[in-house]
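Structure, as structure tokens:
In the working numbering, the protein residues as written are 862 to 1133.
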């Protein structure tokens, strides 16, 4: 039976999603988990495929993987027990034998969370609309031998009261495209570039290359393969891991504040 899984992960400790010979990757961990469960011995013969690639430190709540196995019930019941705590399946589906998560994907949606709040969000929203439609993204990506034309279906700037984010949906994306789009829109939001800056990059040659925004703010939000997912419950260890990550960042926030204010010589009673 061919199965598909919707996969979430914290990308901080992965060297991207695509399998590599020596580095820790999402695909590598997923294949290893499947082999420990004897779902298949050779991932190529099982037709193990994913819907796309994410870079080092990029996160996901919507990568799709698929493979064929003689033991579908075992896969559904036990995969989340074998996967590491920073990677887990949120849903599954039984698919047609020839299902290909990359080529059968109708669209991908990404969110980019800006670490700093831009000054002029309204300007960013207006500038973002320049991306709608099919454009040449040579100035926004590492194109190499790829077709630089990409069709942006939807785009918007959101605000969840803690962070401002870019959400963009397209049929497919080029390498570093979303992060470069986010970087350009942030320049508009900071008043460093005007709203016509986006159009000029889409229509002509850039004076200098655009530096992509940092990877840690990017989340693969959804891959639409036309699948209705059956939810899978999260394991306690996944929740524990997320709580530990939250605690770590809260601790680092405190330490940074202490170091920032290191000139404060307030005495502390060692006895408490």
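Note that beta-carbon positions come from the ideal geometry of N, C-alpha and C, so glycine has one too.
Is residue i buried or exposed, if buried means 16 or more other CB atoms sit within 10 Å of its CB?
i: residue 1005; result: exposed
i: residue 1064; result: exposed
i: residue 1119; result: exposed
i: residue 1039; result: buried
i: residue 960; result: buried
i: residue 970; result: buried
i: residue 1122; result: exposed
i: residue 964; result: exposed
i: residue 882; result: exposed
i: residue 1053; result: exposed
i: residue 1100; result: exposed
Would you mind working out which of the options sits nearest residue i, comparing C-alpha positions?
i: residue 886; options: 1059, 947, 1061 and 936; result: 947
i: residue 991; options: 1018, 1051 and 889; result: 1018
i: residue 1105; options: 917, 920 and 871; result: 871
i: residue 873; options: 904, 966 and 919; result: 919
i: residue 1051; options: 993, 1008, 882 and 978; result: 978
i: residue 862; options: 1115, 1107 and 901; result: 901
i: residue 897; options: 940, 1059 and 1061; result: 940
i: residue 1036; options: 1060, 1066 and 1001; result: 1001
i: residue 995; options: 1023, 1021, 1117 and 1030; result: 1030
i: residue 1003; options: 1034, 980, 1115 and 1022; result: 1034
i: residue 1066; options: 997, 1115, 1022 and 1023; result: 997
Anyone know if the C-beta pair for residue i and residue j falls short of 9 Å?
i: residue 1025; j: residue 988; result: no
i: residue 1032; j: residue 967; result: yes
i: residue 867; j: residue 923; result: yes
i: residue 1020; j: residue 993; result: no
Near residue i, what residues of its chain come up, given a Cβ to Cβ distance below 7 Å and the 5 sequence neighbours on each side ignored?
i: residue 1056; result: 984, 987, 988 and 1049
i: residue 1072; result: 1044
i: residue 884; result: 876
i: residue 890; result: 944, 945 and 948
i: residue 1091; result: 952, 953 and 954
i: residue 894; result: 940, 943 and 944
i: residue 980; result: 1050, 1051 and 1052
i: residue 1007; result: 1035
Suppose the cutoff is 8 Å on Cβ atoms and the five residues either side in sequence are ignored; what does the same chain contact list for residue i look like?
i: residue 864; result: 927, 928, 929, 930, 933, 936, 937, 953, 954, 955 and 956
i: residue 1062; result: 1000, 1001, 1045 and 1071
i: residue 921; result: 868, 869, 870, 872, 878, 887, 915, 1080 and 1081
i: residue 1074; result: 973, 975, 1040, 1041, 1043, 1044 and 1047
i: residue 1102; result: 871, 946 and 947
i: residue 1059; result: 988, 989, 991, 992, 1045, 1046 and 1049
With a threshold of 6 Å on Cβ separation, who are the neighbours of residue i within its own chain once the five nearest residues in sequence on each side are excluded?
i: residue 999; result: 1009
i: residue 904; result: 892
i: residue 880; result: 886, 888 and 889
If you measure from the beta carbon of residue i to each beta carbon in chain C, is any gap under 9 Å?
i: residue 911; result: Going by chain labels, chain C is absent from the structure shown, which holds only one protein chain.
**Study point:** Three or more C-beta pairs below 8 Å linking the stretch 1089-1102 and the stretch 936-953
**Key:** yes
Review point. With contact counted as at least three CB pairs below 8 Å, one residue from each stretch, are the stretch 925-932 and the stretch 895-909 in contact?
Key: yes
Review point. Touch check for the stretch 1006-1021 and the stretch 1083-1090: three-plus C-beta pairs under 8 Å?
Key: As far as the Cβ criterion goes, the stretch 1006-1021 does not touch the stretch 1083-1090, which means the pair count is below three.
Exercise for review: Determine, using beta-carbon pairs with one atom in the stretch 952-967 and one in the stretch 1104-1111, whether at least three such pairs fall under 8 Å.
Suggested key: In this structure the stretch 952-967 does not lie against the stretch 1104-1111, because fewer than three pairs of beta carbons, one per stretch, are closer than 8 Å.
Practice item. Count the C-beta pairs between the stretch 1070-1084 and the stretch 974-981 that are closer than 8 Å, then say yes if the count reaches three, no if not. Key: yes
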